[in-house]
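Positions 149 to 301 (my numbering) are the ones given, in order, by the sequence shown. A virtual CB, placed ideally from N, CA and C, is assigned to each residue, including glycine. Notes for the one structure printed next.
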Amino acid sequence: MEINQAAPKFQDASIAPMHTTEHVVNRTMVNLFGCGRAVSAHIERKKSKLDFALQACPEEADIAKIENTVNEVLRSNLPVTMEFISQEEATGRFDMRRLPKEASETVRIVKVGDYDECLCIGQHVENTSMIGTFKIISHDYKDGIFRMRFKLI
149 MEINQAAPKF
159 QDASIAPMHT
169 TEHVVNRTMV
179 NLFGCGRAVS
189 AHIERKKSKL
199 DFALQACPEE
209 ADIAKIENTV
219 NEVLRSNLPV
229 TMEFISQEEA
239 TGRFDMRRLP
249 KEASETVRIV
259 KVGDYDECLC
269 IGQHVENTSM
279 IGTFKIISHD
289 YKDGIFRMRF
299 KLI
């Protein structure tokens, strides 16, 4: 079975906790705000940022809700698993727009318990209990884009 390989940065196991957290943050934003997944992401081991297209800037109570919800999920000891399916099976179930034209016919789905699932080729932890505490360190809103910077403690 041929499957896409992650860029070297995303094959680094030290980034796995942050990358798995990205999945949880994405699902949390979709659930809380009805938006799509991040339109832009910069994931690093020490701190990361995600950009979301939102109608309005979240208020401070919303920021606390994001942080609390992500931490509840991380503390839930959810298993992180993978499933391999064909692109045909993935169509309609997942957003295929970011999939490169030259992508393999088989794609990998990463599942964070029953909380989130999406196409992904990066490294992840085996269980959310391995991640630690999520902390939003700053955020801003400009031209319909909410940018969140965060770290893991």
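According to the DSSP assignment, Phe181 belongs to the alpha helix (DSSP H) that extends over 164-181.
The distance from the Cβ of Val218 to that of Phe294 is about 15 Å, inconsistent with a contact at the 8 Å cut-off. Positions of the beta strand (DSSP E) runs, each at least 3 residues long and wholly inside the stretch 192-279, are given as 195-201, 228-234, 254-260, 264-267 in order along the chain. In the displayed model, Ala189 falls within a strand according to three-state DSSP. When Gly292, Asp291, Ile285 are compared, the shortest CA-CA separation from Ile301 is found for Ile285.
DSSP places Ile301 in no beta strand (DSSP E); its state is neither H nor E. Ala204 sits exposed, since fewer than 16 C-beta atoms from the chains shown fall within 10 Å of its C-beta. For Asp288, the uninterrupted beta strand (DSSP E) segment begins and ends at 282-290.
In the pairwise beta carbon analysis, the stretch 256-273 is classified as touching the stretch 210-228: at least three pairs are separated by under 8 Å.
For the 8 Å CB-CB criterion, Ser196 and Phe298 form a contact.
For the pair Ile211 and Glu192, the Cα-to-Cα distance works out to about 21 Å.
Inter-residue distance for Met296 and Ile257 is about 25 Å (C-alpha atoms, whole angstroms). Taking the CA atoms as reference points, Gly280 sits about 7 Å from Leu222.
Just measuring C-alpha positions, the residue of Glu236, Ser162, Gly240 sitting nearest Ala251 is Glu236.
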